[in-house]
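Right, one structure below, let's go through it.
Number of protein chains: 2
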Amino acid sequence: MNVVKELSVCGGRLVKLSHNSTSTKTCMNVNVYLPKQYYAQDSSRSRPIPTVVYLSGLTCTPDNASEKAFWQFQADKYGFAMVFPDTSPRGDQVANDPEDSWDFGQGAGFYLNATQDPYAQHYQMYDYVHKELPQTLDAHFNKNAAAELDFLDNVAITGHSMGGYGAICGYLKGYAERRYKSCSAFAPIVNPSNVPWGQKAFKGYLGDERAQWQAYDPCALIKNVKRVGDDKVLIHVGDEDPFLEKHLRPELLLEAAKSTSWENYVQVKKVHGFDHSYYFVSTFVPEHAEFHAKNLGLI
Amino acid sequence: MNVVKELSVCGGRLVKLSHNSTSTKTCMNVNVYLPKQYYAQDSSRSRPIPTVVYLSGLTCTPDNASEKAFWQFQADKYGFAMVFPDTSPRGDQVANDPEDSWDFGQGAGFYLNATQDPYAQHYQMYDYVHKELPQTLDAHFNKNAAAELDFLDNVAITGHSMGGYGAICGYLKGYAERRYKSCSAFAPIVNPSNVPWGQKAFKGYLGDERAQWQAYDPCALIKNVKRVGDDKVLIHVGDEDPFLEKHLRPELLLEAAKSTSWENYVQVKKVHGFDHSYYFVSTFVPEHAEFHAKNLGLI
Chain A
3 MNVVKELSVC GGRLVKLSHN STSTKTCMNV NVYLPKQYYA QDSSRSRPIP TVVYLSGLTC
63 TPDNASEKAF WQFQADKYGF AMVFPDTSPR GDQVANDPED SWDFGQGAGF YLNATQDPYA
123 QHYQMYDYVH KELPQTLDAH FNKNAAAELD FLDNVAITGH SMGGYGAICG YLKGYAERRY
183 KSCSAFAPIV NPSNVPWGQK AFKGYLGDER AQWQAYDPCA LIKNVKRVGD DKVLIHVGDE
243 DPFLEKHLRP ELLLEAAKST SWENYVQVKK VHGFDHSYYF VSTFVPEHAE FHAKNLGLI
Chain B
3 MNVVKELSVC GGRLVKLSHN STSTKTCMNV NVYLPKQYYA QDSSRSRPIP TVVYLSGLTC
63 TPDNASEKAF WQFQADKYGF AMVFPDTSPR GDQVANDPED SWDFGQGAGF YLNATQDPYA
123 QHYQMYDYVH KELPQTLDAH FNKNAAAELD FLDNVAITGH SMGGYGAICG YLKGYAERRY
183 KSCSAFAPIV NPSNVPWGQK AFKGYLGDER AQWQAYDPCA LIKNVKRVGD DKVLIHVGDE
243 DPFLEKHLRP ELLLEAAKST SWENYVQVKK VHGFDHSYYF VSTFVPEHAE FHAKNLGLI
């Protein structure tokens, strides 16, 4: 793990890292924000600082959300760290969309493990984000001391658009072992098997057999995951989001949740006048931060 | 004035406008954020909503600060509107740097009125920002009602880097008529006559005669402007700003202010670990917002 850059932001530090991933067989970039509490030498802190993982949308690098979503103020407010992974493997050796579009290939890894050539070799983003990266961050940041940052146990996940999809998918697939304690999403793709962005990605990465797609589709997963306690999923979407009707369709997740343990525990808040941009995301980050802070035991 | 786009942000609306400027003889873009108070039908509001003008740095459009500086939450908190002008005239007909660099020409108008060919024709950013634009915004937003937004009288100015320079310059040049009630800057160029960015700009736009430069140099202006009341200028700069020693040199403004009415009324806060980016700007926007809110009579 190489520290590419580290700088002051709000009351803490943003650390830009890169490392060679065994999952993607590429060099991956990731940004980590360490809140002011990390530097406060607070001997009264009884537990390590929890983390919130933010998965970004199509075309993004770790920098987009770091610069535009304004999680940092919230991280300082409640005392959690932020992890901003990249959206795909990158590099000349990494297969890209033959049509060179922005909704498939590099910048559009869809947080799944590809099974189809030529993508299977590098596009192993599910294993990377949900397994390898947390272990790697734990080894890097906690190597010299009692664990001060919790990348493995007390962790929340959220994301935007393709990343909102990745967050819900990872939350549900890891639910049995409580991989994540909390999940929210901004304008997520909730039913990739049935919308153009998702179908293009699933066909390319997973092949033509739709049965294989179910393992990564939140609307299929939610039917087979038994909810416990007060767990719920918080979703915001803008009613002027240009992708709402064609690609996002959050109502499909509500329908899928009906007559399951998740009925009434998936909350979709449609907000007036907001589009798909980071203006929308940043506006509702404070509400999502409070939601995760509660679920992580910070308030 | 054309509304190009309008969308919800935080509790208010961001309005992206374009208009044909008589100063620059080009089509200019400008973003305006109207805070939640503008929409609140508050009959108890005794005065129109004041505005804070944010001048951006080299290469920026009105969108950079709108997306990354995060003034909007602060505007909602205190009840002021934001104005984000562009940094220069733009278009194929607008003369550019022969070397096509990013620190002169389009995206680098330095908020002054050029006197030299071929720049004098369009680079009239001083008149545009400080005179024409407020009048145009007033005419657009206040045409149908009692003035609800104050672009002309109760106005603050701030900016980043080249825009921090533009803010201090405009504040001091307009001080006699109290054009602006409040001034702050993030990592400003304070003495353009004596640093490379400023010298290149002044030479290109104003010509070789250094005497002509004094009319736009804060370190010259401050000696001839008599401060009144409690007026002061608030400046932040990061100690890891890569442009600090070569282009910014805020200590030169403190030196220039010595033995003038501004001595002890220019406050330069050097903050540890911050660079020149919007991570730096956004971190200190809350402090600047509170400073301006006080000076605008909002708190």
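So the sequence lines, in the order shown, correspond to chains A and B.
If you're matching positions, the first sequence starts at 3 in this note's numbering and goes up one per residue.
If you're matching positions, the second sequence starts at 3 in this note's numbering and goes up one per residue.
By construction, the Cβ of each residue, glycine as well, lies at the ideal position given by its N, Cα and C atoms.
The model shown is predicted, which means the values in this text are computed figures rather than measured ones.
Check, Outcome
"One question on the structure: do A/V55 and A/V17 come within less than 7 Å of each other, judged by their Cβ atoms?", "no"
"Buried or exposed: B/Q43, going by 16 or more other Cβ atoms within 10 Å of its Cβ?", "exposed"
"When you compare the CB of B/E69 with every CB in chain A, is at least one pair closer than 7 Å?", "yes"
"So, at 7 Å on beta carbons, what are the nonlocal neighbours of B/V197 in its own chain, with the 5 sequence-adjacent residues on each side left out?", "I191, K248, H249, R251"
"Does the region 282 to 292 of chain B come into contact with the region 64 to 76 of chain B, if we say contact requires no fewer than three beta-carbon pairs (one atom in each stretch) closer than 8 Å?", "yes"
"Between which residues of its own chain and A/L174 is the CB-CB distance below 7 Å, once the five residues before and five after are set aside?", "P220, L223, I224, V227"
"Taking only the alpha-carbon atoms, compute the straight-line gap between B/C29 and B/H124 and give it to the nearest angstrom.", "11 Å"
"What beta strand (DSSP E) runs, 3 residues minimum, are completely inside the region 179 to 228 of chain A?", "184 to 188"
"Could you tell me whether the region 201 to 210 of chain A touches the region 90 to 108 of chain A, where touching means 3 or more Cβ pairs closer than 8 Å?", "yes"
"Output yes or no for whether 7 Å exceeds the beta carbon distance between B/E242 and B/D277.", "yes"
"Chain A partners of B/L36, CB-CB under 8 Å?", "Ordered by position in chain A, no residue passes the 8 Å Cβ test against B/L36, which lies about 12 Å from the chain."
"Closest to A/D94 by CA distance: which of A/K27, A/K7, A/L300 is it?", "A/K27"
"Is A/Y56 helix, strand or coil when you go by DSSP?", "strand"
"Classify B/I170 as helix, strand or coil using the three-state DSSP reduction.", "helix"
"For the region 79 to 110 of chain B, which residues have a beta carbon sitting closer than 8 Å to at least one beta carbon of chain A?", "none"
"Alpha carbon to alpha carbon, how far is B/I51 from A/L154?", "48 Å"
"Verify the CB distance criterion: does A/C12 have a CB-CB separation below 7 Å to chain B?", "yes"
"Return no unless some Cβ of chain B is closer than 7 Å to the Cβ of A/V129.", "Per the sequence presented here, residue 129 of chain A reads as Asp, with Val not at that position. It does not; no Cβ of chain B falls within 7 Å."
"What are the boundary residues of the alpha helix (DSSP H) that B/K271 is part of?", "That residue, B/K271, is in no alpha helix (DSSP H); its beta strand (DSSP E) goes 268 to 273."
"Going by alpha carbons, who is nearest to B/L298 out of B/Y121, B/R181, B/Q216, B/F245?", "B/R181"
"Where B/F293 and A/A169 are concerned, what is the direct C-alpha to C-alpha distance, given to the nearest angstrom?", "39 Å"
"Any beta carbon of chain A sitting closer than 7 Å to that of B/T61?", "no"
"Of all the options A/N4, A/L36, A/G14, A/C12, which has the alpha carbon lying nearest to the alpha carbon of A/N22?", "A/N4"
"So that I know if they touch, is there some Cβ in chain A lying closer than 7 Å to that of B/T24?", "no"
"I'd like to check one pair, A/V270 with A/I237: are the Cβ atoms closer than 7 Å?", "yes"
"Per DSSP, what kind of secondary structure is A/D94 in: helix, strand or coil?", "coil"
"Check A/G2 in the structure and name its three-state DSSP category.", "Chain A is shown from 3 up to 301; residue 2 of chain A falls before or after that span and cannot be answered."
"Tell me whether B/D155 sits in a helix, a strand or coil according to DSSP, three-state version.", "strand"
"Where do the ends of the beta strand (DSSP E) carrying A/F286 lie?", "Taken as a continuous stretch (DSSP letters only), A/F286 belongs to no beta strand (DSSP E), being part of the alpha helix (DSSP H) at 280 to 297."
"Assuming B/A258 is part of the alpha helix (DSSP H), what are its boundary residues?", "253 to 259"
"In three-state terms, what does DSSP make of B/Y40?", "helix"
"Take A/F75 as the anchor and find which of A/G59, A/P37, A/P100, A/D102 has the nearest alpha-carbon.", "A/P37"
"Name the chain A residues that come within less than 7 Å of B/Y280, Cβ to Cβ?", "E69"
"Using a Cβ cut-off of 7 Å (strictly closer), state whether A/D277 contacts chain B.", "yes"
"For a contact meaning CB atoms closer than 8 Å, what does B/H274 contact in chain A?", "S10"
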